[in-house]
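Enquirer: Numbering (UniProt numbering), first residue to last: 1 to 673.
Where is the CB? At the ideal position from N, CA and C, for every residue including glycine.
A quick note: this is a predicted structure, and the numbers were derived from the prediction, not measured.
1. Measure the alpha-carbon distance for residue 64 versus residue 135 and round it to whole angstroms.
2. Could you tell me the boundaries of the alpha helix (DSSP H) in which residue 304 lies?
3. Using the DSSP secondary-structure output, state which residues sit across from residue 575 in a beta bridge.
4. For residue 333, does the three-state DSSP call read helix, strand or coil?
5. Taking the C-alpha atoms as reference points, what is the distance between residue 150 and residue 141?
6. Under 7 Å Cβ to Cβ from residue 677, same chain only, skipping five residues before and after it: list those, please.
7. List the DSSP bridge partners of residue 2.
8. So residue 380 packs on residue 401, CB below 8 Å; how close in whole Å?
9. With a threshold of 6 Å, establish whether the CB of residue 393 neighbours any heavy atom of the ligand NAD.
10. Starting from residue 32, trace the beta strand (DSSP E) both ways and give me its first and last residue.
11. In three-state terms, what does DSSP make of residue 83?
12. Give a yes or no on whether the C-beta atoms belonging to residue 630 and residue 653 are separated by under 7 Å.
13. Under a three-way DSSP split, which group does residue 396 fall into?
14. Just reading off the beta strand (DSSP E) that residue 614 is part of, what are its end residues?
15. Our contact map puts residue 294 next to residue 325 with C-beta atoms below 8 Å; I'd like the distance itself, whole angstroms only.
16. Residue 291 by DSSP, collapsed to three states: which one?
17. Given that a residue counts as buried once 16 or more other Cβ atoms are within 10 Å of its Cβ, and exposed if not, what is residue 148?
18. DSSP three-state call for residue 601: helix, strand or coil?
19. Just confirm the distance between the C-beta atoms of residue 3 and residue 644, as a whole number of angstroms; I'd bet it's less than 8 Å.
20. Could you give the C-beta distance for residue 8 and residue 663, rounded to a whole number, given that I count them as a contact under 8 Å?
21. May I have the straight-line CA-CA distance separating residue 648 from residue 597, to the nearest angstrom?
22. Can you give the beta carbon distance from residue 296 to residue 133, rounded, assuming they're within the 8 Å contact cut?
23. Cutting at 8 Å between CB atoms, please list the residues of its own chain near residue 39, excluding the five before and the five after it.
24. With DSSP as the reference, identify every bridge partner of residue 634, one or two as the case may be.
25. Just curious, the beta strand (DSSP E) that residue 366 is in, first and last residue?
26. What residue does the alpha helix (DSSP H) around residue 356 start on, and which one ends it?
27. Between residue 318 and residue 333, what straight-line distance do the alpha-carbon atoms span, to the nearest angstrom?
28. In the DSSP assignment, what are the bridge partners of residue 628?
29. Leaving out five residues on either side along the sequence, give the residues of the same chain with a beta carbon under 7 Å from the beta carbon of residue 311.
30. Touching or not, the stretch 386 to 405 and the stretch 586 to 597, by the rule of three or more beta carbon pairs under 8 Å?
31. So for residue 320, helix, strand or coil by DSSP?
32. Could you pull the DSSP bridge partners for residue 312 from this structure?
33. Could you pull the DSSP bridge partners for residue 592 from this structure?
34. Let me know if residue 298 comes out buried or exposed under the rule of 16 or more other beta-carbons within 10 Å of its beta-carbon.
35. Could you check where the beta strand (DSSP E) with residue 299 kicks off and where it finishes?
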């Protein structure tokens, strides 16, 4: 079960907050209003549904006409006639890159005249990303609208089964320009990304060494005091790490890295900075938490707040009050933080973790109402499975995003397996059985191609159930040398598992249980040596032979997936509220017909440290992973609380800001606590 209505309310709120002058003001289906019609005024629902479909289709027509007008305006007239979409995009990027080269050459020739061409140089590359950004937003919005309309019809038919509307409305939905254009938009997005990929990768490798320290000191004495203070903090952290047993240290999560909660950088690094994570990992910590945001030009950067007003070096800089998601990475580079460095890219942090230790891992939080961030994160992990091993877990307060990410990641596993030769375990079959790719389509340039790339849907669950006969499968290979011990007497299934069929486009699913988008029966799949079922850890496509190394390699990079919850009244519509006194709703939140998340990250409550609260946590931990988060400065953040939650409640993850009083017997070199 997911809070789809709350998810859409958050998307609407985020759109209203955006101050982006170039925003297309995309239409969003009034899901909650139409849902109320079903239960209160059902006679209004059919007309409201048809009107919403018409509005969404008009939105697609309006924005696509504007986008293609932008592209074709740049293409030379001699190339316009009969130009295919793929060729048009290629010519557009080529023209913009040629403009960049011309402007760069002009800037060199004008240096002696002190002519400022700074604003002219980057505009061409930004234009390309602007088209990509607009197209991606439109694509995501139409997926959301399509699924909203489908869900509404489903709800109506469930309540009024004597007069169903699916037979009339769903054909209209699937034949609409809003739905049919999604495949075209996805092709265009992939084409643009491929052409801009090399440039983007170079941007992603910017080194912090280009930044010089921006803070000056009044005297050598003051400078020495700052250095000594930093040294004391580092020594304190190392002593703390060595004082905690390994089985407990593996569950301690450094919230936003090893940072100062008051945003001071004279003692500790700033939150969500590269140094905050590298110091934590090199000092011996296993887990660090971070927040990620997708920039306007599709870079995943670390940031907790909506903007950098709190952390920027120049508080009066024009970009400090702009939302991070509305800024390009180039604009972030021009806005250093208080420590003198830029916000790091997620891939840079993962590279550091990968280089430091196999135990150094990151926990990533995705902000509610940002499905594009989830898609970008899935793409990054699929492209860099070696770096993905440095991600221990991903979480969000938005259940829709988490279940969508679950489907997206396991779709990547399934399609990878589909694209490889699968070895049969049955002697009466040929040595190998090759399963064809998921779909065939005509490319943008007019050539027939095959591709396993599927349409990304709003909702990958609720349309196809699992077979109850699927046997449980063994656990996957874990990156840690010491895997988590979830209980003193482990139950048969330690983690919340996932079911089959994760990788369909849900609206294009059939009743086949193949899980591969193929017209095969379960018996035919069994004969090929494949089985779908509930896994001990994450659930995946698994060979019947336990020692099959291919399947292990396919899914070993997928991190744990957990749902963040609140104990206080929700601040956002999509947030799920639950108390340790009644954890019964958790199971339904984590489970859908298409699989299950691995666990839940609960907000701290004082009663969790009581015998009753600890017992409730331990009981929950027999079925799911459990994490605990709290507010800085409000909730207890000390070793005794941490020890109680882990030892008595069997909690797997506990957030901490590592205050100096975390363990009072650990003293600094200066002798102060």
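Expert: Let me spell this out:
1. Reading the chain shown from its first residue, position 64 is the one you call residue 64. Reading the chain shown from its first residue, position 135 is the one you call residue 135. Near 8 Å, if we compare the C-alpha coordinates of residue 135 and residue 64.
2. Mapped onto the chain shown, residue 304 falls at position 304. Segment: none, residue 304 is in no alpha helix (DSSP H) and carries neither H nor E.
3. Along the chain shown, one-based indexing puts residue 575 at 575. Beta-bridge pairing links residue 575 to no other residue.
4. Within the chain shown, numbered from 1, the residue matching residue 333 stands at position 333. In the structure shown, residue 333 sits in a helix (DSSP, three-state: H, G or I).
5. As a first step, residue 150 is located in the chain shown; it is residue number 150 there, counting from the start. As a first step, residue 141 is located in the chain shown; it is residue number 141 there, counting from the start. Spanning the alpha carbons of residue 150 and residue 141 requires a straight line of approximately 14 Å.
6. Limits of the chain in this structure are 1 at one end and 673 at the other, which puts residue 677 out of reach.
7. Along the chain shown, one-based indexing puts residue 2 at 2. Looking at the DSSP assignment, residue 2 forms no beta bridge with any residue, so it has no partner.
8. Along the chain shown, read from residue 1 onward, the residue named residue 380 stands at position 380. Along the chain shown, read from residue 1 onward, the residue named residue 401 stands at position 401. Going by Cβ atoms, the distance from residue 380 to residue 401 rounds to 16 Å, so no, they are not a contact pair.
9. Among the components modelled here there is no ligand, and therefore nothing to report on the ligand NAD.
10. On the chain shown, residue 32 is found 32 positions in, with the first residue counted as 1. Per DSSP, residue 32 belongs to no beta strand (DSSP E); it is in the alpha helix (DSSP H), 31 to 40.
11. Mapped onto the chain shown, residue 83 falls at position 83. If DSSP states are grouped into helix, strand and coil, residue 83 belongs with coil.
12. For the purposes of this step, residue 630 is identified with residue 630 of the chain shown, where counting begins at 1. For the purposes of this step, residue 653 is identified with residue 653 of the chain shown, where counting begins at 1. Contact: no.
13. Along the chain shown, one-based indexing puts residue 396 at 396. Strand, per DSSP.
14. Start at 1 with the first residue of the chain shown, and residue 614 comes out as number 614. Segment 611 to 621 is the alpha helix (DSSP H) holding residue 614; no beta strand (DSSP E) there.
15. Position 294 of the chain shown, counted from the first residue, corresponds to residue 294. Position 325 of the chain shown, counted from the first residue, corresponds to residue 325. About 6 Å; that satisfies the 8 Å criterion.
16. Against the chain shown, residue 291 aligns to sequence position 291. Strand, per DSSP.
17. Against the chain shown, residue 148 aligns to sequence position 148. Answer is buried; the Cβ neighbour count reaches 16.
18. Position 601 of the chain shown, counting from 1, holds the residue named residue 601. Strand, per DSSP.
19. Counting from one through the chain shown, the residue named residue 3 turns up at place 3. Counting from one through the chain shown, the residue named residue 644 turns up at place 644. At roughly 31 Å, the Cβ-Cβ gap does not stay under 8 Å, so residue 3 and residue 644 are not in contact.
20. Within the chain shown, the letter at position 8 stands for residue 8. Within the chain shown, the letter at position 663 stands for residue 663. Rounded, the Cβ-Cβ distance is 45 Å, inconsistent with contact.
21. Taking the first residue of the chain shown as position 1, residue 648 is located at position 648. Taking the first residue of the chain shown as position 1, residue 597 is located at position 597. Distance between the alpha carbons of residue 648 and residue 597: 24 Å.
22. Locating residue 296 in the chain shown gives position 296, counting from the first residue. Locating residue 133 in the chain shown gives position 133, counting from the first residue. 6 Å between Cβ atoms; contact.
23. Locating residue 39 in the chain shown gives position 39, counting from the first residue. These residues qualify, in order along the chain: 159.
24. Against the chain shown, residue 634 aligns to sequence position 634. According to DSSP, residue 634 bridges with nothing at all.
25. Position 366 of the chain shown holds residue 366. Per DSSP, residue 366 belongs to the beta strand (DSSP E) from 361 to 366.
26. Position 356 of the chain shown, counted from the first residue, corresponds to residue 356. Per DSSP, residue 356 belongs to the alpha helix (DSSP H) from 346 to 356.
27. In the chain shown, residue 318 corresponds to position 318, counting from 1. In the chain shown, residue 333 corresponds to position 333, counting from 1. Straight-line Cα distance between these residues: approximately 13 Å.
28. Sequence index remark: in the chain shown, residue 628 carries index 628 (1-based). Paired residue(s): 602 and 654.
29. What you label residue 311 is simply residue 311 of the chain shown in a count that begins at 1. Same-chain partners within the cutoff: 263, 270, 337 and 338.
30. yes
31. Translated into the one-based positions of the chain shown, residue 320 becomes position 320. Assigned with DSSP and collapsed to three states, residue 320 falls in helix.
32. Walking along the chain shown from the start, residue 312 turns up at place 312. Note: residue 312 sits in a beta bridge opposite 337.
33. Residue numbering aside, residue 592 sits at position 592 when the chain shown is read from its first letter. DSSP output for residue 592 lists 595 as bridge partner(s).
34. Mapped onto the chain shown, residue 298 falls at position 298. Residue 298 comes out buried.
35. Residue mapping note: residue 299 aligns to position 299 of the chain shown, counting from 1. In the DSSP assignment, residue 299 falls outside any beta strand (DSSP E) and carries neither an H nor an E.
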